[in-house]
Amino acid sequence: MSERYSFSLTTFSPSGKLVQIEYALAAVASGAPSVGIKAKDGVVLATEKKQKSILYDDTTIHKVEQITNNIGMVYSGMGPDYRVLVKAARKLAQQYQLTYSEDIPTVQLVQRVANVMQEYTQQGGVRPFGVSLLIAGWDVDEDRPYLYQCDPSGAYFAWKATAMGKNHTNGKTFLEKRYSEEVGLEDAVQTAILTLKESFEGQMTEDNIEIGICKKGSPFKRLTSSEVKDYLAQS
Amino acid sequence: MSIMSYNGGAIMAMRGKDCVAIAADRRFGIQAQTVSMDFDKIFEMGPRLYIGLAGLATDIQTVSERLKFRVNLYELRENRRIKPKTLLSVVSNLLYERRFGPYFIEPVIAGIDPLTLEPYVASCDLIGCPMVAKDFAVSGTCSEQMYGMCESLWVEDMTPDQLFEAISQALMNSVDRDALSGWGAIVHIIERDRVTTKTLKTRMD
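Residue numbers (numbering that gives the first Met the number 0), protein chains in the order written: chain L, 0 to 234; chain U, 0 to 204.
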């Protein structure tokens, strides 16, 4: 693929924009909503996992994925593009582990993944990824949580709380009102669920959302259906 | 003729209470001929982190430079000081990359962890097998003598002054029994808040 083209398919427009990236961001903005909230003792990632038909077996497809012991991620946008990035992120994290005998710090993983995404805006024969990622991790050395967003352009942003995908502006407005730095992880999960509910059509159940939690001292974990059900019951 | 004893040299590191010390001889020779008496074999990789390299002199210089390259990039990327145990992994990786055509050096690491402030002493073989020591680590043409001296003189929880005495005596008496090591010694005592460097006058032969 790349051997055929030596020029990039992502080229500047006269106004100085890279339209392919703009279009990629449009693909993200029309994707399923996802939310990330940083709490004092951890980070929560949540996303809508609506299936187009009840015939889908949705127990095997996952949107919230673990990358290393203490880092997880979720996306809004094109699922297949996400899978490629999950694979790349996991490999990059392991390469770090092999060289330094240490878990990769969240910031370092974010930088490496963002670099991969940037390469796809400047290399021959490829198109940008049609996903924005939310990467959440607990940094053991600094003893603090991190939440980052990675965009198709390769830009990354650290957030306290954010929403992506459909209705993300409403989601962010909701979070601006609801977010507090003092909040604990349990409350953050509830806030994440409520943020998703803002743009949710129909009844929210434990099978059409996914939640992942990154807590101090324990590995990143995608919650089981029954755990999600408990949180939904409380809200 | 063994490659590891072509130039000669000796490195020693010891662990104390909230401090570490690393010492080396200063001879650079080509087999029997001594060429220089101020050849540095200990290199600073961080404010409280030193690595000493014993073995072939050209590889001592190359490895110390290439290691510094990797450490510099690490610190710029990660925006933090490298920890002693991470340095051990980097050194191990660097050496194993040349598994079938190795650098002829055996490194010794001594430092204080920047976060936990724990003293740390470790060493590797020439292909990167890491070994963390709770007491001391030695490397060089008189390693047998150094093992004997360290085993006799090292005790747990030495203060910086006691550690200086112990490592100086251990190194001096070891290199005095080795034709290829000696011609002066240099000792770095690394504490939590400072590093003291002293040169020793040994038998100049």
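Backbone N, C-alpha and C define an ideal beta-carbon position, used for all residues, glycine too.
Here the structure is a predicted model, which is why all the values come from computation and not from measurement.
With DSSP run on the structure shown, which of helix, strand or coil describes residue i?
i, result
"S7/L", "strand"
"R97/U", "coil"
"V182/L", "coil"
"E117/U", "coil"
"C149/U", "helix"
"T201/U", "coil"
"E155/U", "coil"
"R207/U", "Examination of residue 207/U is not possible in this model, given that chain U is present from 0 through 204 alone."
"D58/U", "helix"
"E64/L", "strand"
"D229/L", "helix"
"Y81/L", "helix"
"S63/U", "helix"
"M0/L", "Model confidence at M0/L stands at a pLDDT of 48, short of 50, so the residue's coordinates are unreliable; what they give is reported in the following sentence. Looking at M0/L - three-state DSSP - the assignment turns out to be coil, as it is neither helix nor strand."
"I20/L", "helix"
"E164/U", "helix"
"G183/U", "coil"
"Y99/L", "helix"
"R47/U", "coil"
"M72/L", "strand"
"A9/U", "strand"
Going by other Cβ atoms of all chains shown within 10 Å of its Cβ, with 16 needed for buried, is residue i buried or exposed?
i, result
"T57/U", "exposed"
"D156/U", "exposed"
"C128/U", "exposed"
"I134/L", "buried"
"K62/L", "buried"
"P13/L", "exposed"
"T148/L", "Correcting the residue type first, residue 148/L is Gln in the shown sequence and not Thr. Q148/L is buried by the Cβ-count criterion."
"Y55/L", "exposed"
"T9/L", "buried"
"F103/U", "buried"
"L44/L", "buried"
"E47/L", "buried"
"L66/U", "buried"
"Y4/L", "exposed"
"P118/U", "buried"
"E96/U", "exposed"
"A157/L", "exposed"
"F173/L", "buried"
"S1/L", "The predicted position of S1/L is uncertain, since its pLDDT is 49 and thus under 50; no value can be drawn from it."
"G110/U", "buried"
Out of curiosity, what's the CA-to-CA distance linking residue i and residue j?
i, j, result
"L220/U", "Q168/U", "The shown model of chain U, from 0 to 204, leaves out residue 220/U, and the question about it has no answer."
"M130/U", "S88/U", "10 Å"
"F199/L", "M163/L", "14 Å"
"I119/L", "K16/L", "Checking the sequence shown, residue 119/L turns out to be Tyr, not Ile. The straight-line gap from Cα to Cα measures roughly 16 Å."
"A235/L", "M77/L", "Residue 235/L lies beyond the residue range present for chain L, which begins at 0 and ends at 234; the question has no answer from this structure."
"S152/L", "I70/L", "22 Å"
"Q94/L", "Q117/L", "20 Å"
"T85/U", "V115/L", "25 Å"
"A132/U", "G51/U", "15 Å"
"Y41/U", "L193/L", "The sequence given here places Ile at residue 41/U; Tyr does not occur at that position. Using only the alpha carbons, I get a separation of about 59 Å."
"F53/L", "I208/L", "Note on identity: in this sequence residue 53/L is Ile, with Phe being the wrong assignment. If I take the Cα positions, the gap works out to 15 Å."
"I212/L", "V188/L", "8 Å"
"V106/L", "V139/L", "12 Å"
"H187/U", "F68/U", "23 Å"
"D229/L", "S7/L", "49 Å"
"A12/U", "E77/U", "28 Å"
"D160/U", "Q144/U", "23 Å"
"K37/L", "L24/L", "23 Å"
"N172/U", "L48/U", "25 Å"
"I20/L", "L132/L", "15 Å"
"Q65/L", "D40/L", "18 Å"
"V62/U", "R14/U", "24 Å"
Less than 8 Å between the CB atoms is what I'm expecting for residue i and residue j, so what's the real figure, rounded?
i, j, result
"C18/U", "E190/U", "5 Å"
"A22/U", "L162/U", "Not quite, the Cβ-Cβ distance comes to about 10 Å (not below 8 Å), so this is no contact."
"I81/U", "G139/U", "Going by Cβ atoms, the distance from I81/U to G139/U rounds to 25 Å, so no, they are not a contact pair."
"A184/U", "T196/U", "Not really, about 11 Å apart at Cβ, beyond 8 Å."
"E205/L", "S224/L", "4 Å"
"D80/L", "V130/L", "5 Å"
"R111/L", "L84/L", "About 11 Å; that fails the 8 Å criterion."
Would you say the beta carbon of residue i comes nearer than 8 Å to a heavy atom of the ligand GTP?
i, result
"V83/L", "This structure lacks the ligand GTP; in fact it carries no ligand of any kind."
Contact list for the region 97-119 of chain L against chain U, Cβ threshold 9 Å = L97, T98, Y99, S100, E101, P104, V106, Q107 and Q110
Taking Cβ-Cβ distances below 7 Å as the criterion, which residues of the region 133-150 of chain L are in contact with chain U?
-> D140
Closer than 9 Å, Cβ to any Cβ of chain L: which residues of the region 85-107 of chain U, in chain order?
-> T85, L87, S88, V89, S91 and N92
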